[in-house]
Amino acid sequence: MIRGETHPPTATLAQQVDTALIPRAISLVAGKDTVIYQEFPDRSNGLGDFLWAGQRKSNPFTSYPRKSLVAFDLDGRIPPSAIVSYAQLSLQVASISPIDGMPRLVIQTLAPGTWDEGDANAPGNEFTGTASLTPAADWEFRSRPLEPWAAPGGDPIGIPVVDTPIPFPGVWFFDSSVVRAAVRDMVSDTNGEDGFVLSKPDPAQITSDGIQFASSENALGGYPPTLFIQYTPTQPFETGTVATNTVNFINEGQNFRWIYDLDHDDVFVTSIGGICEVLDTSAPRFLPYSYSYGGTPGYTGIDCCTWKIDSPLTGTTGTGQALFFHNLDAGNPANMPPDTDLDGIRNLCDNCPSTPNGPLLGTCRTGASIGARCHSTQECGGVVCDLAQEDTDGNFQGNACPEPGFAAGLLAGLGLLTAWTRSRRPGSAT
Numbered sequence: 047m048i049r050g051e052t053h054p055p056t057a058t059l060a061q062q063v064d065t066a067l068i069p070r071a072i073s074l075v076a077g078k079d080t081v082i083y084q085e086f087p088d089r090s091n092g093l094g095d096f097l098w099a100g101q102r103k104s105n106p107f108t109s110y111p112r113k114s115l116v117a118f119d120l121d122g123r124i125p126p127s128a129i130v131s132y133a134q135l136s137l138q139v140a141s142i143s144p145i146d147g148m149p150r151l152v153i154q155t156l157a158p159g160t161w162d163e164g165d166a167n168a169p170g171n172e173f174t175g176t177a178s179l180t181p182a183a184d185w186e187f188r189s190r191p192l193e194p195w196a197a198p199g200g201d202p203i204g205i206p207v208v209d210t211p212i213p214f215p216g217v218w219f220f221d222s223s224v225v226r227a228a229v230r231d232m233v234s235d236t237n238g239e240d241g242f243v244l245s246k247p248d249p250a251q252i253t254s255d256g257i258q259f260a261s262s263e264n265a266l267g268g269y270p271p272t273l274f275i276q277y278t279p280t281q282p283f284e285t286g287t288v289a290t291n292t293v294n295f296i297n298e299g300q301n302f303r304w305i306y307d308l309d310h311d312d313v314f315v316t317s318i319g320g321i322c323e324v325l326d327t328s329a330p331r332f333l334p335y336s337y338s339y340g341g342t343p344g345y346t347g348i349d350c351c352t353w354k355i356d357s358p359l360t361g362t363t364g365t366g367q368a369l370f371f372h373n374l375d376a377g378n379p380a381n382m383p384p385d386t387d388l389d390g391i392r393n394l395c396d397n398c399p400s401t402p403n404g405p406l407l408g409t410c411r412t413g414a415s416i417g418a419r420c421h422s423t424q425e426c427g428g429v430v431c432d433l434a435q436e437d438t439d440g441n442f443q444g445n446a447c448p449e450p451g452f453a454a455g456l457l458a459g460l461g462l463l464t465a466w467t468r469s470r471r472p473g474s475a476t
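Numbering-wise, our numbering comes out as the position in the sequence shown, counting from 1, plus 46.
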């Protein structure tokens, strides 16, 4: 076996693109939720059964609010350009503690930015929280100890999405025009954080009351926070995950480099107009991807993206290519693009389709063996074996591709000279 070879070659993904731009619906359970506590600023409840919106009286003169953060993973699920026609947020009220009157619930949108759920799991009714052993959002931080809120207590923005009394337990549904507008903003804003802040109004009142909700981790059969959205896509959009262990190597220590996109932004864009975003999450080691196509929905053909997979221990560990089939059968081998140079990268994805520069086969770029095929640097006498899609000069042509020869350069020069000579003839423009 040749050192540095991959098995299978490039973890090719072939996916059928749904080009039907028809109304659709999706129901999302909260991707993360937690409680933050003012009087215990380093406590939270990311893995608890319950969420709280209320406040706790500590003495006749002081009470401390607690709020809940709830986020839904919309990125990669709904195209940012989609038109949202309806949105409904649902929460199960598990219990109410109206010691000083009927509590009200206020829900606001959370300011853009990431926050961590953490692993805190508070005891009892979870009204006082506990410390998280992993980075977590709390009263002072989006992710303790490195990312503080703009102001302690979270960063709610805008007018309340919901402001209503909650007189009895049960599943509550909120689907006003304000909710719909907030969700529209979340869908179109791809900052990666789509969340709400649940709280009790008038924290200046010295009270002890609260609304207890079932969380997304509720082990008692509670209904989790859920966001239901009806929308119409305006362009084809696909998402999924690729397991990184579909690509293996024999030996990483062979200068065995992989595909890099042309502008080094982890996005490979073909001339057709499709964009494939890929992110390596490391734990678990899966590769989530999202693909959007901005061309004509009736287009018939294939689009492509390629990516590199990084190992936190040994450097680059794999490569992949995704083929997206528009109005073509992805399962028909006849529709698969060819790989002329047998380097493991299909011609459609290859920036040097006639000269090997992929994970399976490369080309010696310098030294006495220049132009020879290779599988490692050693096969080129210790100089570069081009096994990746690098494009150093940014001309959209891979480094491994032969540069134009003397004859080609001479011909181009003669062409320019002829054109210039004609321009100097009488009657021509000067």
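Backbone N, C-alpha and C fix where the C-beta goes; we use that ideal spot for every residue, glycine too.
{"query": "Rounded C-beta distance between L151 and V208? I'm assuming under 8 Å.", "result": "6 Å"}
{"query": "Please determine, among G340, Q367, P343, G344, the residue with the shortest C-alpha to C-alpha distance to W353.", "result": "Q367"}
{"query": "Quick one: Cα of G204 to Cα of A227, how far?", "result": "11 Å"}
{"query": "If you check the beta carbons only, do A140 and L93 fall under 8 Å apart?", "result": "no"}
{"query": "Can you list, in chain order, the residues of its chain with a C-beta nearer than 7 Å to that of S400? Leave out the 5 residues immediately preceding and following it.", "result": "T386, D387"}
{"query": "Check whether the region 372-379 touches the region 388-396, counting contact only when three or more Cβ pairs, one atom from each stretch, lie closer than 8 Å.", "result": "no"}
{"query": "Report yes or no: do the region 180-192 and the region 80-87 share at least 3 C-beta pairs separated by less than 8 Å?", "result": "yes"}
{"query": "Do you know whose CA, among D439, V75, P271, lies nearest G216's CA?", "result": "P271"}
{"query": "By the DSSP assignment, the beta strand (DSSP E) with R226 in it spans what residues?", "result": "It is not in any beta strand (DSSP E) - R226 instead sits in the alpha helix (DSSP H) that spans 223-234."}
{"query": "Taking the Cβ atom as the reference point for each residue, do D248 and S143 lie within a distance shorter than 8 Å?", "result": "no"}
{"query": "Tell me whether the region 430-445 and the region 401-408 touch, counting them as touching only if at least three CB pairs, one residue from each stretch, are closer than 8 Å.", "result": "yes"}
{"query": "Can you round the beta-carbon distance between P125 and T280 to whole angstroms, since I take them to be within the 8 Å contact cut?", "result": "7 Å"}
{"query": "Who are the Cβ neighbours of A177 in its own chain at under 7 Å, not counting the five residues just before and after it?", "result": "D88, R89, A166"}
{"query": "Which stretch, first to last residue, makes up the beta strand (DSSP E) that contains K78?", "result": "78-83"}
{"query": "Measure the alpha-carbon distance for W218 versus T342 and round it to whole angstroms.", "result": "41 Å"}
{"query": "What are the boundary residues of the beta strand (DSSP E) that R188 is part of?", "result": "187-189"}
{"query": "Whole angstroms is fine: what's the gap from Y339's alpha carbon to A128's?", "result": "13 Å"}
{"query": "Short of 6 Å in beta carbon distance, which residues of its chain neighbour E163, apart from the five on each side in sequence? Order them along the chain.", "result": "K78, T80, G92"}
{"query": "Classify D396 as buried or exposed, calling it buried when 16 or more other Cβ atoms lie within 10 Å of its own Cβ.", "result": "buried"}
{"query": "Would you identify the three-state DSSP class for P206, choosing helix, strand or coil?", "result": "strand"}
{"query": "Select from E425, A133, C398 the residue whose C-alpha is nearest the C-alpha of F442.", "result": "C398"}
{"query": "Look at the Cβ atom of F117, then the Cβ atom of A71, and state whether they are nearer than 8 Å.", "result": "Per the sequence presented here, residue 117 reads as Ala, with Phe not at that position. For A117 and A71, no; Cβs fall outside 8 Å."}
{"query": "Beta-carbon within less than 6 Å of F274's beta-carbon, same chain only, minus the 5 sequence neighbours each way: which residues are those?", "result": "S73, Q134"}
{"query": "Measure the C-alpha to C-alpha separation of T65 and N264 and round it to an integer number of angstroms.", "result": "38 Å"}
{"query": "Is it the case that the Cβ atoms of L120 and V224 are separated by a distance below 8 Å?", "result": "no"}
{"query": "Less than 8 Å between the CB atoms is what I'm expecting for Y277 and V130, so what's the real figure, rounded?", "result": "5 Å"}
{"query": "Hey, out of D201, F214, F96, whose CA is closest to M148's CA?", "result": "F214"}
{"query": "What's the call for G267, buried or exposed, on a 16-neighbour Cβ count within 10 Å?", "result": "exposed"}
{"query": "Who are the near neighbours of G199 in its chain, counting only those whose CB is closer than 8 Å to its CB and skipping five residues on each side?", "result": "I82, Q84, P111, K113, W185"}
{"query": "Exposed or buried, what is A182 when buried is set at 16 or more other beta-carbons lying within 10 Å of its beta-carbon?", "result": "buried"}
{"query": "Would you kindly check if the distance between the Cβ of T253 and the Cβ of Y335 is under 8 Å?", "result": "no"}
{"query": "In the structure shown, what three-state DSSP assignment does T423 receive?", "result": "helix"}
{"query": "What is the DSSP secondary structure of P334, counted as helix, strand or coil?", "result": "strand"}
{"query": "Could you check what DSSP says for N105 in three-state terms: helix, strand or coil?", "result": "strand"}
{"query": "By the DSSP assignment, the beta strand (DSSP E) with L74 in it spans what residues?", "result": "70-75"}
{"query": "When burial is assigned at 16 or more other CB atoms within 10 Å of the CB, is D201 buried or exposed?", "result": "buried"}
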